[in-house]
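Below is one structure; the comments refer to it alone.
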Amino acid sequence: MMKTQVRKARAQDAAAIQALINAFADEGKMLFRTLPEIFLILRDFHVVEQDHQIVGCAALHLFDEQYAELKSIAVDAACQGKGYGRLLIESCLHEALALGAQYVFALTFQPEFFEKVGFQAVPRDALPSHIWTECLFCPGYPDCGERAFLKKMT
Ligand SMILES: CC(C)(COP(=O)(O)OP(=O)(O)OC[C@H]1O[C@@H](n2cnc3c(N)ncnc32)[C@H](O)[C@@H]1OP(=O)(O)O)[C@@H](O)C(=O)NCCC(=O)NCCS
Numbered sequence: 006m007m008k009t010q011v012r013k014a015r016a017q018d019a020a021a022i023q024a025l026i027n028a029f030a031d032e033g034k035m036l037f038r039t040l041p042e043i044f045l046i047l048r049d050f051h052v053v054e055q056d057h058q059i060v061g062c063a064a065l066h067l068f069d070e071q072y073a074e075l076k077s078i079a080v081d082a083a084c085q086g087k088g089y090g091r092l093l094i095e096s097c098l099h100e101a102l103a104l105g106a107q108y109v110f111a112l113t114f115q116p117e118f119f120e121k122v123g124f125q126a127v128p129r130d131a132l133p134s135h136i137w138t139e140c141l142f143c144p145g146y147p148d149c150g151e152r153a154f155l156k157k158m159t
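Sequential numbering from 6 applies to the sequence shown in our numbering.
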């Protein structure tokens, strides 16, 4: 029987997380990440482990007292449609609640998925301006076409 668990990432997961993300970056769906970039936010990552293989990841990054970002969600193409994306979101939201975040936002090219998992579409300028700092270093800046989604936690 297949053994699946969602858990926080460990140091040994970093290369697998990078491989997952960069496979989708090759298709233009995500931004490329170097290993040092992954390690900078490794403690934000949650992973899905299936039969000792990392097949999904997502990160929850705290911005300030109120806002956290759900970012870098990816599920291996062979494992999509099994509910792993939803499990990753639930795990991140659980952590957001425990950390005291009031809002979790996401910037995404996958609006239908985020609607399905309980986020609401909001205008991009509804999000606080300081969350955009990372965007300044993106090739897609200033108009990448990502949509903003928000979930109120309390
Ligand atoms: C988006 C992604 C993480 C979804 O992961 P997943 O494991 O396939 O999602 P789930 O199986 O948990 O799906 C949850 C629900 O969302 C729906 N859904 C998932 N992806 C969808 C999509 N692209 N469009 C519409 N609905 C989608 C599923 O049908 C399911 O609905 P249901 O509960 O009514 O059956 C995955 O497709 C992925 O890794 N995509 C490539 C990387 C990417 O684009 N990441 C987002 C960067 S912002």
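For each residue, glycine too, the CB sits at the ideal point set by N, CA and C. These numbers come from a predicted model, not from an experiment.
Per DSSP, F152 is paired with what?
First, the residue type needs correcting, since residue 152 is Arg and not Phe in the sequence shown. Residue pairing by DSSP puts R152 in a beta bridge opposite T113.
Below 8 Å on the Cβ atoms is my contact criterion, and I expect V53 with A14 to pass it. Report the Cβ-Cβ distance as a whole number of Å.
Incorrect: roughly 11 Å between the Cβ atoms, too far for contact.
Rounded to whole angstroms, what's the CA-CA distance from S96 to P144? Just pull it up for me.
Their backbone Cα atoms lie some 30 Å apart in a straight line.
Give me every residue whose Cβ sits closer than 5 Å to any heavy atom of ligand 1, in chain order.
F29, K34, I78, A79, V80, Q85, G86, G88, Y89, G90, R91, T113, Q115, E117, F118 and K121
Would you kindly check if the distance between the Cβ of E74 and the Cβ of I22 is under 9 Å?
no
Among A103, V127 and F119, whose alpha-carbon lies nearest the alpha-carbon of G88?
F119
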